[in-house]
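Peer 1: For the protein sequence lines, the chains are A and B, in the order given.
Each residue of the first sequence is one higher than the one before, counting from 1 in this note's numbering.
Each residue of the second sequence is one higher than the one before, counting from 1 in this note's numbering.
A virtual CB, placed ideally from N, CA and C, is assigned to each residue, including glycine.
Number of protein chains: 2
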Amino acid sequence: MNDTQAMEEAVEVLQQLGLKEYEARCFVGLSRLRAGTAKQLADLTEVPRTRVYDAIRMLEAQGLVEIQHSSPQQFRSVPLQEATETLRDQYEARVDRLHDALTTIEVVEKEDDAPIQQVWAMSGYVAIENRAIDLMEEAREEVVLVIGDESLVTDELLACVNDIPAGVEVLLGAVSNDLERELRRNVSGATTFVSGLEWLVGEGVEHREVAIGRLLLVDRSAILVSSIMPDTGSEQAIFGEGFGNGLVVIARRLMAQGLVRGKDPAS
Amino acid sequence: MNDTQAMEEAVEVLQQLGLKEYEARCFVGLSRLRAGTAKQLADLTEVPRTRVYDAIRMLEAQGLVEIQHSSPQQFRSVPLQEATETLRDQYEARVDRLHDALTTIEVVEKEDDAPIQQVWAMSGYVAIENRAIDLMEEAREEVVLVIGDESLVTDELLACVNDIPAGVEVLLGAVSNDLERELRRNVSGATTFVSGLEWLVGEGVEHREVAIGRLLLVDRSAILVSSIMPDTGSEQAIFGEGFGNGLVVIARRLMAQGLVRGKDPAS
DNA sequence: AATTCTGTCACCCGTATAATCACAAAAATG
DNA sequence: CATTTTTGTGATTATACGGGTGACAGAATT
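1. Under 8 Å between C-beta atoms, does B:Ile-223 make it to chain A?
2. Under 8 Å Cβ to Cβ from A:Ser-234, same chain only, skipping five residues before and after it: list those, please.
3. What are the residues of the region 128-155 of chain A that lie near chain B, defined by any Cβ-Cβ distance shorter than 8 Å?
4. Going by alpha carbons, who is nearest to B:Asn-2 out of A:Met-136, A:His-69 and A:Ala-101?
5. Could you check where the beta strand (DSSP E) with B:Ser-221 kicks off and where it finishes?
6. Any residues in the region 20-31 of chain A with a beta carbon nearer than 8 Å to a beta carbon of chain B? Which ones, in chain order?
7. Straight-line CA distance for B:Glu-180 to A:Ala-10?
8. Leaving out the 5 sequence neighbours to the left and right, which residues in its chain are closer than 8 Å to A:Glu-21 when beta-carbon positions are compared?
9. Going along chain A in order, which residues have a C-beta closer than 8 Å to the C-beta of B:Ile-67?
10. Along the chain, where does the beta strand (DSSP E) that runs through A:Ala-121 open and close?
11. Give the DSSP-derived three-state secondary structure of A:Arg-76 in the structure shown.
12. Helix, strand or coil: which one does DSSP assign to A:Val-153?
13. By how many angstroms is the C-alpha of B:Leu-64 removed from the C-alpha of A:Ala-38?
14. Mind checking which residues open and close the alpha helix (DSSP H) that includes B:Leu-14?
15. Would you report the Cα separation of A:Ala-139 and A:Ile-164, rounded to the nearest angstrom?
16. Is any beta-carbon of chain B found at less than 8 Å from that of A:Leu-217?
17. Among residues of its own chain, excluding the 5 on either side of B:Glu-156, which ones have a beta-carbon nearer than 8 Å to its beta-carbon?
18. Out of A:Ile-147, A:Ala-159, A:Leu-87 and A:Val-170, point me to the one whose CA is closest to A:Asn-177's CA.
19. If you measure between the beta carbons of B:Val-144 and B:Leu-183, is that distance less than 8 Å?
20. For B:Ser-226 and B:Arg-185, I'd like the C-alpha separation in whole angstroms.
21. Leaving aside the five residues before and after A:Cys-160 along the sequence, list all residues of the same chain whose C-beta is less than 6 Å from its C-beta, in chain order.
22. Contact defined as beta carbons within less than 8 Å: I believe A:Ala-174 pairs with A:Val-194. What is the distance between those atoms, to the nearest angstrom?
23. List, in order along the chain, the chain A residues whose C-beta lies closer than 9 Å to that of B:Gly-269?
24. In terms of DSSP beta bridges, what is B:Glu-169 paired with?
25. Between the alpha carbons of A:Leu-200 and A:Gly-29, how many angstroms are there, rounded?
26. Looking at chain A, is there any beta carbon in it that lies within less than 8 Å of the beta carbon of B:Ala-114?
27. Does any C-beta atom of chain A lie closer than 8 Å to the C-beta of B:Thr-104?
28. Find the nearest neighbour of A:Gly-213 within the set A:Ala-237, A:Glu-23, A:Asp-219 and A:Arg-220, judged by alpha-carbon distance.
29. What do you reckon, are the CB atoms on A:Val-47 and A:Arg-32 nearer than 8 Å?
30. Output, in chain order, the set of chain B residues within a Cβ distance shorter than 7 Å of A:Val-52.
31. Output, in chain order, the set of chain A residues within a Cβ distance shorter than 8 Å of B:Met-7.
32. Taking 8 Å as the threshold (beta carbon to beta carbon), is A:His-207 in contact with chain B?
33. Cα-Cα, which of B:Ser-71, B:Ala-61, B:Phe-239 and B:Glu-141 is closest to B:Val-78?
34. According to DSSP, which residues form a beta bridge with A:Ser-227?
35. Where does B:Ile-56 sit, in a helix, a strand or coil, going by DSSP?
36. Could you name the residues of chain A that B:Glu-85 contacts, counting a contact when the two beta carbons are closer than 7 Å?
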């Protein structure tokens with residue numbers, strides 16, 4: 001990666017982490033200056049000199065830079081190691097506070113009527129993976145998991161699959177030979193197979209370039225199907241649970257036919 | 001904690017974590033509703049109904065809520081466990097990206113002239129603790145640490161002190177008997193003592209209510225002194241290094257007199 | 001058929017933040 | 001010592017974003 005690119009990247013990320021633009025630019029500036037005055041920083045980062053002071057003060061308050069009160073003042077950034085550690089701590093504290101606050105109010109409001117057909121949509125790679133892991137951890141009899149893209153095979157996922165107790169039957173599918181080999185190499189106690197999932201993309205219908213993400217069926221009563229969007233590359237999923245759930249019923253059908261047929265066990 | 005308090009707290013923290021107010025309120029609302037429509041959410045959270053949709057979309061994109069595309073749409077939040085996990089992952093990823101970006105540009109700009117007296121100021125409890133730990137980890141001969149307030153005795157700090165290799169002499173001071181006992185109970189391989197640090201607050205000068213935070217001297221060549229501000233309760237520190245550093249020189253003097261005198265070892 | 005509900009848009013407005021300017025004290029220069 | 005540059009603070013303007021409100025068409029309900 002190019003230096004200027006990297007700097008922009010860093011500024012961007014710092015802003016996502018809650019810093020203002022000037023603050024971010026100043027911090028990045030100090031990262032390559034080791035130590036500097038307001039003027040030097042202003043020249044390097046193109047932050048208006050008179051605004052550098054405010055930005056630095058904010059950064060100092062957050063424990064990210066140090067100030068030497070000489071004349072002219074000198075600024076320098078905390079070592080990268082310390083900075084990331086500080087940010088991390090800050091964040092952990094926040095997440096904990098959130099967790100505490102929310103658990104004290106998890107008082108559920110009226111659990112009323114019919115648990116009808118519910119199909120939920122979710123998006124985002126991280127959230128979907130977490131949900132998938134959650135589901136697998138709760139499996140009591142059977143887990144069927146088909147992976148459509150190697151980018152989805154993370155350490156967490158593999159660890160989770162390997163942690164499934166012995167009493168639970170695990171069927172692990174892949175859409176390509178390579179991927180299946182990869183899976184078999186990293187997983188024990190599971191039956192792996194290759195599955196052409198043509199039926200998923202819609203047999204003969206319009207058939208756009210939506211790539212298959214993953215397909216997870218747990219105890220034949222909860223299903224999660226995800227796709228990789230062609231344009232953005234983001235992952236989108238739908239998810240249903242309950243034995244009577246329409247989506248789950250359809251999924252059971254399809255699995256029985258398309259998956260298990262030429263292959264292995266269970267009706 | 002009261003429910004409404006907890007909700008406000010949660011909203012606040014969520015905003016610190018990067019969510020907009022409406023998004024935060026909606027998420028908190030869904031946390032106690034298990035599932036709900038836009039109208040229900042609007043009534044509960046006082047977010048304008050027409051704005052609930054935008055907020056939910058953002059939340060969905062971040063993997064924090066699920067949408068059921070029925071009519072009316074139903075929304076529900078991801079289980080708290082998953083939500084915090086997702087947020088944590090997101091954050092880790094950002095910090096990593098930051099780390100990568102900054103290391104690629106850590107090309108130091110001109111390391112020029114005289115390494116004169118440098119005294120740096122920093123503030124914020126987390127940052128100061130991190131710096132203190134850093135310093136102690138680099139100790140090769142001697143660590144002198146005086147604690148002025150029990151709130152500063154964290155697990156990390158204790159762990160760090162206990163991890164100091166045997167070859168390094170450790171002098172651990174406290175400003176009260178109780179605190180010294182506490183320290184001795186949790187630390188091994190260190191000489192503990194009680195030190196009235198009157199001299200730190202300025203003998204007879206104005207003497208405001210600045211509480212002593214910590215005092216750290218490593219290898220007699222780096223020093224960190226912190227105070228607890230009377231009004232805000234925040235921690236502020238100054239820090240100097242280099243054997244010739246003025247601050248360090250003074251510190252050595254003071255230590256030799258005020259600390260070691262009536263007590264223990266080393267000149 | 002009438003009414004309520006649902007979802008989308010377009011718009012206003014206040015605040016926060018980016019961006020400039022004015023200025024006095026301090027430092028540097030000759 | 002006089003002049004010029006640098007430094008730090010404060011005030012001011014411009015702008016973008018997010019909070020807040022209303023209009024409206026289609027769907028659902030009565």
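Peer 2: Walking through what the data contain:
1. For the purposes of this step, residue 223 of chain B is taken as the residue at position 223 of the second sequence. Contact with chain A is absent for B:Ile-223, since none of that chain's Cβ atoms lies less than 8 Å from the residue's Cβ.
2. Here the question's residue 234 of chain A lines up with position 234 in the first sequence. So the list reads Ser-123, Gly-124, Tyr-125 and Ile-228, once near-sequence residues are dropped.
3. Under the 8 Å Cβ criterion, the region 128-155 of chain A contributes Ile-128, Asn-130, Arg-131 and Asp-134.
4. Residue mapping note: residue 2 of chain B aligns to position 2 of the second sequence, counting from 1. For the residues A:Met-136, A:His-69 and A:Ala-101, the minimum Cα distance to B:Asn-2 belongs to A:Ala-101.
5. As a working mapping, residue 221 of chain B is identified with position 221 in the second sequence. Careful: B:Ser-221 lies outside any beta strand (DSSP E) and carries neither H nor E.
6. Within the region 20-31 of chain A, the residues whose Cβ lies closer than 8 Å to some Cβ of chain B are Val-28 and Ser-31, listed in chain order.
7. Within the second sequence, numbered from 1, the residue matching residue 180 of chain B stands at position 180. Within the first sequence, numbered from 1, the residue matching residue 10 of chain A stands at position 10. The alpha-carbon separation between B:Glu-180 and A:Ala-10 amounts to approximately 44 Å.
8. As a working mapping, residue 21 of chain A is identified with position 21 in the first sequence. Result list for A:Glu-21: Val-11 and Gln-15, in chain order.
9. Against the second sequence, residue 67 of chain B aligns to sequence position 67. The answer, in chain order, is Trp-120, Ala-121 and Met-122.
10. As a working mapping, residue 121 of chain A is identified with position 121 in the first sequence. Start and end: 119-123.
11. Counted from its first residue, the first sequence places residue 76 of chain A at position 76. Shown here, A:Arg-76 sits in a strand according to DSSP, grouped into three states.
12. Here the question's residue 153 of chain A lines up with position 153 in the first sequence. Three-state DSSP puts A:Val-153 in coil, outside helix and strand.
13. Along the first sequence, one-based indexing puts residue 38 of chain A at 38. Along the second sequence, one-based indexing puts residue 64 of chain B at 64. Straight across, the Cα-Cα distance linking A:Ala-38 with B:Leu-64 is about 41 Å.
14. Numbered from 1 along the second sequence, position 14 holds the residue referred to as residue 14 of chain B. For B:Leu-14, the uninterrupted alpha helix (DSSP H) run begins and ends at 3-16, by DSSP.
15. On the first sequence, position 139 is the one that residue 139 of chain A refers to. On the first sequence, position 164 is the one that residue 164 of chain A refers to. When only Cα atoms are considered, A:Ala-139 and A:Ile-164 end up about 8 Å apart.
16. For the purposes of this step, residue 217 of chain A is taken as the residue at position 217 of the first sequence. Under the Cβ criterion of 8 Å, A:Leu-217 is not counted among the residues facing chain B.
17. By 1-based counting over the second sequence, the position of residue 156 of chain B is 156. Glu-129 and Ile-133, listed in sequence order.
18. Along the first sequence, one-based indexing puts residue 177 of chain A at 177. Looking only at A:Ile-147, A:Ala-159, A:Leu-87 and A:Val-170, the smallest Cα-Cα distance to A:Asn-177 is reached by A:Ile-147.
19. Taking the first residue of the second sequence as position 1, residue 144 of chain B is located at position 144. Taking the first residue of the second sequence as position 1, residue 183 of chain B is located at position 183. Contact flag unset, no.
20. Stepping through the second sequence from its first residue, residue 226 of chain B is reached at position 226. Stepping through the second sequence from its first residue, residue 185 of chain B is reached at position 185. So the two alpha carbons sit approximately 24 Å from each other.
21. Within the first sequence, residue 160 of chain A is the residue found at index 160, counting from 1. Sequence-distant Cβ neighbours of A:Cys-160 in its own chain, meaning closer than 6 Å and more than five residues away, are Ile-133 and Met-136.
22. Residue numbering aside, residue 174 of chain A sits at position 174 when the first sequence is read from its first letter. Residue numbering aside, residue 194 of chain A sits at position 194 when the first sequence is read from its first letter. About 6 Å separates the beta carbon of A:Ala-174 from that of A:Val-194, a gap short enough to meet the 8 Å contact definition.
23. No statement about residue 269 of chain B is possible, as the shown extent of chain B runs from 1 to 267 and does not include it.
24. Here residue 169 of chain B refers to the residue found at position 169 of the second sequence. BP columns for B:Glu-169 point to B:Glu-142.
25. Your numbering for residue 200 of chain A matches position 200 in the first sequence. Your numbering for residue 29 of chain A matches position 29 in the first sequence. For A:Leu-200, the predicted model reports a pLDDT of 42, less than 50, meaning its position is unreliable; a value from the coordinates is still stated below. One C-alpha to the other measures close to 50 Å.
26. Counted from its first residue, the second sequence places residue 114 of chain B at position 114. The pLDDT assigned to B:Ala-114 is 43, lower than 50, so where the model puts this residue is not dependable; a value taken from the coordinates is nonetheless given after this. Cβ-Cβ to chain A under 8 Å: no for B:Ala-114.
27. As a first step, residue 104 of chain B is located in the second sequence; it is residue number 104 there, counting from the start. Look at B:Thr-104: its C-beta is under 8 Å from a C-beta on chain A.
28. For the purposes of this step, residue 213 of chain A is identified with residue 213 of the first sequence, where counting begins at 1. Among A:Ala-237, A:Glu-23, A:Asp-219 and A:Arg-220, the Cα nearest to that of A:Gly-213 belongs to A:Ala-237.
29. Taking the first sequence and counting its residues from 1, one reaches residue 47 of chain A at position 47. Taking the first sequence and counting its residues from 1, one reaches residue 32 of chain A at position 32. Contact flag unset, no.
30. As a first step, residue 52 of chain A must be located in the first sequence, where it is residue number 52. Near A:Val-52 there are no residues of chain B at all, since even the closest Cβ is about 16 Å away, more than 7 Å.
31. The residue you call residue 7 of chain B lines up with position 7 of the second sequence. In chain order: Ala-101 and Ile-105.
32. Here residue 207 of chain A is taken as the residue at index 207 of the first sequence, counted from 1. With a pLDDT of only 42 at A:His-207, under the threshold of 50, the placement of this residue in the model should not be trusted, and no figure is reported.
33. Stepping through the second sequence from its first residue, residue 78 of chain B is reached at position 78. Closest in alpha carbon position to B:Val-78, among B:Ser-71, B:Ala-61, B:Phe-239 and B:Glu-141, is B:Ala-61.
34. The residue you call residue 227 of chain A lines up with position 227 of the first sequence. Note: A:Ser-227 is bridge-paired with A:Ile-212 and A:Gln-236 in the DSSP secondary-structure output.
35. Taking the first residue of the second sequence as 1, we reach residue 56 of chain B at position 56. Reduced to three states, the DSSP call for B:Ile-56 is helix.
36. Here residue 85 of chain B corresponds to residue number 85 of the second sequence, with the count starting at 1. For B:Glu-85, the C-beta contacts it makes with chain A under 7 Å involve Asn-130, in order along the chain.
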